[in-house]
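S.K.: This is the structure I want to talk about, given as C-alpha cells.
Residue numbers (our numbering), protein chains in the order written: chain Z, 451 to 928; chain Y, 451 to 928.
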C-alpha cells in the first residue's frame with residue numbers, strides 16, 4: 451500500500467524502534483543490577499526519557515488500528531510500556547481494535563478510573579462491544595454518565611445475541627422527513643459538523659420513528675433541490691431485523707453491494723443501521739473462527755499467551771481425537787490374530803484409512819460449501835448423493851487398483867492386492883455416503899454443518915477403513 | 451433479511467416454481483413418447499406456454515445476483531431453460547455474478563452474436579473479468595466496438611495479474627479540479643444523471659490526470675459552498691498501486707474502514723479506483739479458494755458437474771496423499787519383525803501418529819494466522835518457537851500419560867505403556883518443531899504458508915510417529 455503517509459512502513463519502523471529501545475533499556479538494567487527486568491518503577495523513569503518521547507510522537511501519527519497491530523505484535527512487558535505511551539483519549543478506540551486476548555491484557559493493566567475514561571469516549575454501540583470484557587463497576591459508572599436515549603441504545607445493543615444484526619449495528623443515522631425539499635435537507639446537513647462514516651444514504655422517518663424510505667446521497671446530489679424527499683426517496687430496499695443472523699445480513703451486503711442498510715424492529719421503527727465496515731469485520735471474524743475451529747483451537751490466542759493458556763485452548767480437540775483414536779485402536783485390536791498371521795496387514799491398513807479420510811473430507815467440504823450458499827434443495831439432494839457415489843466408485847476403482855498393485859508388488863501376494871483394492875473401494879463408498887449424510891443431517895438438526903464434520907468423517911473412515919480391510923483379510927486371506 | 455420485496459422468499463418461491471413446472475413438463479413428455487427428456491425443440495414450444503411467461507415475469511423482478519443464484523442451483527437442462535427466459539439485456543450482468551463453473555455452461559449455450567451483445571452492455575472492468583471465459587472472436591468484436599479510451603482501459607485491466615489491485619479496480623470515477631468552488635462541483639454533479647455506485651469521494655486531479663487529493667462527499671455536504679476544493683480536500687490518504695497484491699488492499703480497506711480508494715501509477719497518474727464491493731468479493735473468493743484448497747479441491751465445482759469432471763478436480767490431492775501413505779506404509783514395513791513379535795504395536799501405532807497430526811495442525815494454524823496478519827518478526831520468532839515447544843512438552847506429558855495408561859490397561863505390559871508415552875512426547879515435539887518451521891520456511895521461500903502445510907505436517911507426524919514408536923519398541927521391548 452502506498453500513501454503520502456505510508457502506515458505499513460511507519461508501523462514496521464515503529465515496531466523496530468520499540469524493540470530496539472527496550473532491548474537497550476533491558477541491557478542497561480542488567481548491567482546495573484545483574485539480570486533484573488525493567489519493573490513498573492523503572493518504566494515510569496523511562497517514560498521521561500527523550501527516546502520514549504520520540505516514540506510517543508510516532509504513536510500519535512498512527513491510526514488506532516495500527517497502534518492495535520503494534521500492541522498485538524509485542525510481548526507482554528513491552529506491550530504495556532507502549533500502552534502507557536498512548537494518549538489516554540485514544541485508549542477506547544484502540545481497545546476496540548485489538549484482539550480479544552490482547553484486550554484482556556490491556557484492561558488488566560488499567561485501573562477503574564482509566565477504564566471509565568476510555569469507555570466514555572465511545573459510541574454506545576462500541577461500548578456494547580467492549581462491555582463483556584469490562585469489570586461490572588466500570589460498566590455501571592459509564593452507564594450513569596449516559597443520556598436517557600443512549601442508555602436505551604446501550605441496553606438494546608447488549609441484549610442481542612453476539613452473532614445477530616442487533617449486536618453489530620450502530621446508531622449513527624441521519625434522519626429526515628419526507629415532506630421537506632432536498633434544499634432543506636442540504637441546508638440541514640450543512641449545519642452538521644460532519645456526517646457519520648459510511649453515510650451513503652439518509653433515513654426517511656415519520657414523527658413516530660417509523661422508516662418510510664431511504665434517500666441515497668447520490669440522488670440528493672443529482673436531483674433538482676426543489677424536489678420533495680417523498681418524490682425521490684427509495685421505497686423498495688433491503689432492511690434487517692435486529693434479531694436476524696449477521697451472516698444473512700453479510701450475504702445480502704455482498705449480493706447487493708450495499709454500503710449501509712436500515713435495521714427495523716417488528717413495528718417498522720428504525721432502531722439502527724448496519725454498515726459495510728461492520729460486515730467486513732464480521733466476515734473476517736467468522737472466517738478466523740472457522741479456520742481456528744477447523745484445527746480445534748477454541749479461540750484466537752494472544753501470540754504471547756502463557757504455555758498453560760495455550761495448552762488449555764487446545765485441550766478439548768486433542769481429547770476428542772484421543773477418544774476416536776482409542777476406538778480405532780480397539781478395532782485393530784479385534785483383528786490381532788489376523789495381523790499376527792499376516793503382518794503385511796499392519797503396514798497396509800493406514801493407506802486404506804488415510805485415503806478414505808481425504809476423500810471423505812473432499813465430499814464434506816463440497817457439501818458444506820453448497821449448504822452455506824444455499825444451493826441444496828430437497829429436489830437436488832438425491833441427485834448430489836448419486837453423483838458423489840459415482841465419484842467415489844470411480845475413484846475407488848482407480849486408486850484401489852493403484853494401491854492393490856502396490857500391495858502386490860511389495861508382498862508378491864495377489865490375493866492381498868485384491869483385498870486391498872476391494873477395501874479401498876468400500877471405504878471410499880463409506881466416505882461418500884457419510885460425507886453427504888453428515889452435513890445434511892447436522893443442518894437438519896439445526897447445527898452448523900461445518901463444525902465437527904471433519905473429525906466425524908475422519909473417525910468413520912479410520913475405524914471403518916481398518917474394519918473393512920482387516921475384516922476382508924480375515925475372511926479371505928487368513 | 452426483510453424487505454418490501456423480500457428477495458430470499460422470491461428466490462425460493464421461484465426455484466420451487468421452476469422445478470415443479472419442469473417436472474410436469476417432463477412427465478408430459480414421458481407420457482407422450484416414453485421416457486424422452488425435453489429436448490431443445492420442446493423447450494422452444496415450452497417457451498410459449500403461459501406458465502413460462504409467468505416465470506419470466508418473476509425473473510424480471512429479481513436482482514441479477516438472485517438470478518445467478520437460481521441458475522447455480524439448477525441442474526444443467528433446467529438451468530438452460532431458465533437462462534433462455536432471462537431478458538437478453540441482462541445476460542452480461544448475470545454472467546458476471548455466476549460462479550466460474552456455471553458461467554462456462556451458460557457461455558457454451560450461447561452463440562457468438564448473443565455473447566457479443568451481452569458483453570457490450572458491460573463496463574470495461576467487467577468485460578475484463580469476463581474475457582478469460584469468452585471465445586477469441588467475441589473479444590475481438592467487442593474490442594472493435596469500444597472507444598479509444600475504453601480500449602486503453604480494457605487493455606490495462608487485462609494486463610494485470612488476477613490477484614492484483616489492477617485486475618479488481620474499476621474506472622467509474624468522478625474527477626474534479628482543485629481550483630473550483632464546492633458550488634461549482636455541486637452544479638457539475640447535478641448535471642450527471644446519477645453517480646457511480648460507491649461514490650463516497652471525488653478524485654481531485656490536475657490537467658495531466660495526476661491525483662492531487664480526495665474530496666469526500668460528506669465534506670462536500672457540510673462545507674460552505676463558496677469554499678475552494680483545494681482548501682477542503684484530503685491531502686493524506688491511502689492509495690494503491692495497480693500491481694499491488696489485492697490482499698494488501700483488502701487489509702487496508704478493513705483496517706481503515708474505506709469505501710473507495712484511488713489506484714495510482716508510478717507517475718502519480720490516477721488510473722482507477724477500488725471499492726469496498728470489490729474488496730468484499732475478493733475476501734469471499736480468497737476464503738472459498740482457501741477452504742477448497744485445504745481439502746484438496748482444485749476449484750469450485752459446479753454442483754452438477756459430471757462425475758468425471760469431479761474426479762479430475764480431486765485427483766491431484768488424492769495422488770499426493772497416496773504417495774505419503776505409501777511412504778508411511780514402508781516405514782511400518784521396516785518394523786514387520788517387531789510387529790510380528792508384539793502385535794499390540796499395530797493397534798497402538800495409529801494413536802501416536804494421529805495425535806501428533808492433530809497437535810501439529812494446531813501449531814501450524816496458529817503460525818499461519820500470525821503470519822497472515824503480519825505479527826511474526828525476526829525478534830519474536832524464537833520466542834514463539836520456545837513457547838510452542840513448551841506447549842508440546844506439556845501436552846506430551848499429559849496425553850502421553852493418558853495413552854500410556856490406556857496401553858497398560860489393555861495389554862497389562864508396563865514397559866509398553868512407558869514406550870507409548872515416550873513416543874507420544876517425542877512425536878508431539880516433532881510436530882511442534884515442524885509446525886513452526888514449515889510455515890516460516892515457506893514464507894521465507896516466498897510461497898503461501900497456508901497451502902500444503904497441512905499435508906506436509908500430517909505426512910511428517912504420520913511417518914515420524916510410526917518410526918518413533920516402532921523404533922523405541924524395537925529397541926526396548928522386542
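Ideal Cβ positions, reconstructed from N, Cα and C, are used throughout, including at glycine.
On a CA-only basis, which of Z:582, Z:662, Z:714, Z:591 is nearest residue 628 of chain Z? Give me that one, please.
M.R.: Z:662
S.K.: Specify the secondary structure class of residue 748 of chain Y as computed by DSSP and reduced to three states.
M.R.: coil
S.K.: So the candidates are Y:908, Y:545, Y:520, Y:916; which of them puts its Cα closest to the Cα of residue 745 of chain Z?
M.R.: Y:908
S.K.: Taking the alpha helix (DSSP H) that residue 724 of chain Y falls in, what are its first and last residues?
M.R.: No alpha helix (DSSP H) contains residue 724 of chain Y, which is instead part of the beta strand (DSSP E) from 720 to 725.
S.K.: Would the beta-carbon of residue 642 of chain Z fall within 8 angstroms of that of residue 672 of chain Y?
M.R.: If you check the CB distance, residue 642 of chain Z and residue 672 of chain Y come in under 8 angstroms.
S.K.: Can you tell which of Y:836, Y:471, Y:823, Y:550 has the C-alpha that lies nearest to the C-alpha of residue 516 of chain Z?
M.R.: Y:823
S.K.: If the criterion is Cβ atoms closer than 8 angstroms, does the pair residue 717 of chain Z and residue 808 of chain Y meet it?
M.R.: no
S.K.: For residue 660 of chain Y, which residues does DSSP report across the bridge?
M.R.: Y:719
S.K.: Is there a C-beta anywhere in chain Z that falls below 8 angstroms from the one on residue 856 of chain Y?
M.R.: Yes - at least one Cβ of chain Z is within 8 angstroms of the one on residue 856 of chain Y.
S.K.: Report yes or no: is there a C-beta of chain Y within less than 8 angstroms of the C-beta of residue 668 of chain Z?
M.R.: yes
S.K.: Residue range of the beta strand (DSSP E) that residue 710 of chain Z falls in?
M.R.: 710 to 714
S.K.: According to DSSP, is residue 825 of chain Z part of a helix, a strand, or is it coil?
M.R.: coil
S.K.: Assess contact between the stretch 787 to 795 of chain Y and the stretch 859 to 876 of chain Z, defined as three or more Cβ pairs (one per stretch) separated by less than 8 angstroms. Is contact present?
M.R.: No: fewer than three Cβ pairs fall under 8 angstroms.
S.K.: How is the beta strand (DSSP E) around residue 571 of chain Z delimited, first residue to last?
M.R.: Neither: residue 571 of chain Z is in no beta strand (DSSP E) and is coded neither H nor E.
S.K.: Quick check on DSSP: helix, strand or coil for residue 847 of chain Y?
M.R.: helix
S.K.: Measure the Cβ-Cβ separation of residue 874 of chain Z and residue 723 of chain Z and say whether it is below 8 angstroms.
M.R.: no
S.K.: Rounded to whole angstroms, what's the CA-CA distance from residue 595 of chain Y to residue 465 of chain Y? Just pull it up for me.
M.R.: 37 angstroms
S.K.: Taking Cβ-Cβ distances shorter than 7 angstroms, what residues in chain Z pair up with residue 809 of chain Y?
M.R.: 768
S.K.: Give me the residue from Z:664, Z:721, Z:615, Z:675 with the minimum Cα distance to residue 602 of chain Z.
M.R.: Z:721
S.K.: Just verifying my parser: in three-state terms, what is the DSSP assignment at residue 559 of chain Y?
M.R.: Shown here, residue 559 of chain Y sits in coil according to DSSP, grouped into three states, outside any helix or strand.
S.K.: Can you confirm whether residue 645 of chain Y, when its beta carbon is compared against all beta carbons of chain Z, has any partner nearer than 8 angstroms?
M.R.: Yes, residue 645 of chain Y lies at the interface with chain Z (some Cβ there is under 8 angstroms from its Cβ).
S.K.: Is residue 468 of chain Z helix, strand or coil by DSSP?
M.R.: helix
S.K.: Using a beta-carbon distance below 8 angstroms, is residue 840 of chain Z in contact with chain Y?
M.R.: yes
S.K.: Spell out a yes or no on whether the stretch 757 to 764 of chain Y and the stretch 885 to 896 of chain Y are touching, meaning 3 or more CB-CB pairs, one atom from each, closer than 8 angstroms.
M.R.: no
S.K.: Establish whether the CB of residue 513 of chain Y and some CB of chain Z are separated by less than 8 angstroms.
M.R.: yes
S.K.: Taking the CB atoms as reference points, tell me whether residue 501 of chain Z and residue 535 of chain Z lie closer together than 8 angstroms.
M.R.: no
S.K.: Among Z:467, Z:521, Z:880, which has the Cα closest to the Cα of residue 754 of chain Z?
M.R.: Z:521
S.K.: In three-state terms, what does DSSP make of residue 913 of chain Y?
M.R.: helix
S.K.: By Cβ distance below 8 angstroms, which residues in the same chain neighbour residue 851 of chain Y in space, the five residues on each side in sequence not counted?
M.R.: 871
S.K.: Look up residue 620 of chain Y in the DSSP assignment and say whether it is helix, strand or coil.
M.R.: Strand at residue 620 of chain Y.
S.K.: Mind checking the stretch 549 to 575 of chain Y against chain Z and listing, in chain order, the residues whose C-beta falls within less than 7 angstroms of any C-beta there?
M.R.: none
S.K.: Within a Cβ cutoff of 7 angstroms, which residues of the same chain sit near residue 838 of chain Z, ignoring the five residues on either side of it in sequence?
M.R.: 813, 882, 885, 886
S.K.: Consider the Cβ of residue 761 of chain Y: report whether some Cβ of chain Z lies at a distance smaller than 8 angstroms.
M.R.: yes
S.K.: With H, G and I counted as helix, E and B as strand and the rest as coil, what does DSSP make of residue 595 of chain Z?
M.R.: helix
S.K.: Should residue 901 of chain Y and residue 743 of chain Y be called a contact, given that it needs their Cβ atoms to be closer than 8 angstroms?
M.R.: yes
S.K.: Listing by chain order, which chain Z residues have their CB less than 7 angstroms from the CB of residue 797 of chain Y?
M.R.: Those are 779, 782, 783, 786, listed as they occur along chain Z.
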